[in-house]
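Per this note's numbering, the sequence shown starts with residue -1, numbered consecutively. Reviewing the structure listed below.
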Amino acid sequence: MLKPCSDDAEDNLTFNDTMIALQLMRTQFPKLEKVVVQPFILQSQLYSSVKDRTQVDRDLESFKKDKMLRIFKLSSGQDDHAIMFMDDYLKQVAFSIKRSGGKDQDGSEVFEWFEKYVVSSKLDVSINQLELCSLLSRGGDVTDKHITLLMNAGLLTRQLIDPNIYWFAIPRIGPILKGLSQGRKEILSLLNRKKYKEMMLSSLEKTKLRLSPLDTRFLLRDLIGSGHIKTVQTPTGLLARITRD
């Protein structure tokens, strides 16, 4: 397990407080050129940094009900969930609306309806079309064009297996998802090429990735929390090792 606030890879302390871990990891979110995305934390990263996973799940549910944060199912092809503080999400929504043409385009009233009636009352990772239209209709008559505008702005994505279900989405997250996928593969490939499929964590953290712009620590927390890599304490420090089935 990694301690989010520590610059010392040898420090294997973990947190008991979910909110402290979230806030610290938020401040360490990678800053990428030409990618405007508010900070988010992967649920797997949280699992690598807080001792009690059951407590993490309970805390997240409580924070979600208190509208302190939102949880998103990522379209990464894996069971990935991202956590974003509500204030950051609302900033991301506002930025996305502006970039998609703003509130001057025909049908743009739907953005206000979405913020006012949907975001505040629907806290799950998805919403079905009937409920979405019902909530939006508190603002006015809903048309297919309104839904299209929300999707074009990156606020919703249609679920592939059921077109009547929409995922709530983090707008403009595409480049980060690509970096996440490529970075995971590169780190696992690096370890798999080692004779014993292991490396000192401190050395691994300093590795400059060729295929991903994301910070190596960001990716390692994810891989440890998701169980792809485990850490082993040795006399010379923490060892990162591929998890064998």
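The beta-carbon is built from N, C-alpha and C at its ideal position, and this holds for glycine as well. Only a predicted model underlies this, so the values are computations on that prediction, with no experimental measurement involved.
By DSSP, does residue i sit in helix, in strand, or in coil?
| i | result |
| --- | --- |
| GLY181 | helix |
| PHE166 | strand |
| VAL116 | helix |
| ILE285 | Outside the displayed range of the chain (-1 to 243) lies residue 285, so it cannot be described from this structure. |
| ASP104 | coil |
| VAL91 | helix |
| ASP86 | helix |
| LYS96 | helix |
For residue i, collect the residues of the same chain with a Cβ closer than 7 Å to its Cβ; drop the 5 residues on either side in sequence, then sort them by chain order.
| i | result |
| --- | --- |
| GLU107 | GLY137 and GLY138 |
| PHE93 | VAL34 |
| THR241 | GLY225, HIS226, ILE227 and LYS228 |
| GLU203 | ALA7, THR214, ARG215 and LEU218 |
| SER98 | ASN150 and ALA151 |
| VAL140 | CYS131 and LEU134 |
| ILE171 | VAL35 |
For the beta strand (DSSP E) that contains residue i, what are its first and last residues?
| i | result |
| --- | --- |
| ALA238 | 235 to 240 |
| THR155 | 154 to 156 |
| ILE69 | 67 to 71 |
Can you find a C-beta in chain C that's less than 8 Å from the C-beta of residue i?
| i | result |
| --- | --- |
| LEU88 | Here there is only one protein chain, and chain C is not present. |
Could you please give the first and the last residue of the uninterrupted alpha helix (DSSP H) stretch that includes residue i?
| i | result |
| --- | --- |
| MET23 | 16 to 25 |
| LEU58 | 51 to 63 |
| PHE109 | 107 to 111 |
Who are the near neighbours of residue i in its chain, counting only those whose CB is closer than 8 Å to its CB and skipping five residues on each side?
| i | result |
| --- | --- |
| LEU209 | GLN180, GLY181, LYS183 and GLU184 |
| THR244 | Coverage of the chain is limited to positions -1 through 243, which leaves residue 244 absent and any answer about it impossible. |
| LYS192 | none |
| GLU129 | LYS120 |
| THR155 | SER73, MET149, TYR164, TRP165 and ALA167 |
Excluding the five sequence neighbours on either side, which residues of its own chain have a C-beta within less than 6 Å of the C-beta of residue i, listed in chain order?
| i | result |
| --- | --- |
| PHE27 | PRO37 |
| ARG24 | PRO37 |
| LYS89 | GLN36 |
| PHE83 | LEU67 |
| PHE61 | LEU67 |
In this structure, what does DSSP give as the bridge partners for residue i?
| i | result |
| --- | --- |
| GLN231 | LEU236 |
| ALA80 | LEU40 and PHE70 |
With respect to 7 Å, is the separation between the Cβ of residue i and the closest non-hydrogen atom of the ligand COA below this value?
| i | result |
| --- | --- |
| MET66 | Because no ligand of any kind appears in the structure shown, any question about the ligand COA cannot be addressed here. |
message: Going residue by residue through the region 125 to 151, where are the continuous alpha helix (DSSP H) segments of at least 4 residues, counting only ones entirely within it?
response: Listed in chain order, the complete alpha helix (DSSP H) runs (minimum 4 residues) inside the region 125 to 151 are 127 to 134 and 142 to 150.
- prompt: Hey, which unbroken runs of the beta strand (DSSP E) at 3 residues or more fall wholly within the region 173 to 227?
  reply: Listed in chain order, the complete beta strand (DSSP E) runs (minimum 3 residues) inside the region 173 to 227 are 196 to 198.
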